[in-house]
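Student:
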Amino acid sequence: MRNMILRLIIAAFMLAGFSTASMAALAPQYQRANEMNAVITAVTETLSPYQPITKIIYQKDDQYLVVAGNCTITAKIVALPAKSGLVGSKQFNVQLGKQRCKK
């Protein structure tokens, strides 16, 4: 009986330990907001100041299309590897595609 209780306690602790990593990520709406802010910053630093951003279009997971004046640029979210033993929101960089402008 004592051995059975001990096994249940150990199983409960193990289950709790495995579930904490998944609960540490940001909620989807906050993760998307972080990604969009990073995309805005990256594109703003790249484009001419005469081409203000007018639209950001979510195309698919980790990819956005940014419209600025008569130009478009694709922004991809590139996930960084998680550090061992640490949990938290997704760490990433923004990789910009080639800027395309209509004449």
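Numbering follows our numbering, in which position 68 of the sequence shown is assigned residue number 1346; successive positions increment by one, without gaps.
Virtual Cβ for every residue (Gly too), placed ideally from N, Cα, C.
(1) So what's Lys1368 in DSSP terms, helix, strand or just coil?
(2) In whole angstroms, what is the alpha-carbon distance linking Ser1300 and Val1345?
(3) So, with DSSP's three-state summary, where would you put Met1301?
(4) Contact between the stretch 1301 to 1310 and the stretch 1320 to 1329: three or more CB pairs below 8 Å?
(5) Considering only the alpha carbon of each residue, which of Lys1333, Gln1337, Met1314 and Leu1358 lies closest to Asn1348?
(6) Alpha carbons only, please: which of Pro1327, Leu1358, Ile1351 and Gln1369 is nearest the one belonging to Arg1378?
(7) Express the C-alpha separation of Gly1375 and Pro1359 in angstroms, rounding to a whole number.
(8) State the DSSP-derived secondary structure class of Ser1311, mapped to helix, strand or coil.
(9) Around the C-beta of Ile1335, are 16 or more other C-beta atoms found within 10 angstroms, so that it is buried, or is it exposed?
Tutor: To lay it out plainly:
(1) coil
(2) Its pLDDT being 44, under 50, Ser1300 is placed unreliably by the model, and nothing is read from it.
(3) With a pLDDT of only 44 at Met1301, under the threshold of 50, the placement of this residue in the model should not be trusted; the figure read from the coordinates follows. Residue state, collapsed to three classes: helix.
(4) no
(5) Lys1333
(6) Ile1351
(7) 22 Å
(8) Residue 1311 is actually Ala in this sequence, not Ser. In this structure, Ala1311 counts as helix in the three-state DSSP scheme.
(9) exposed
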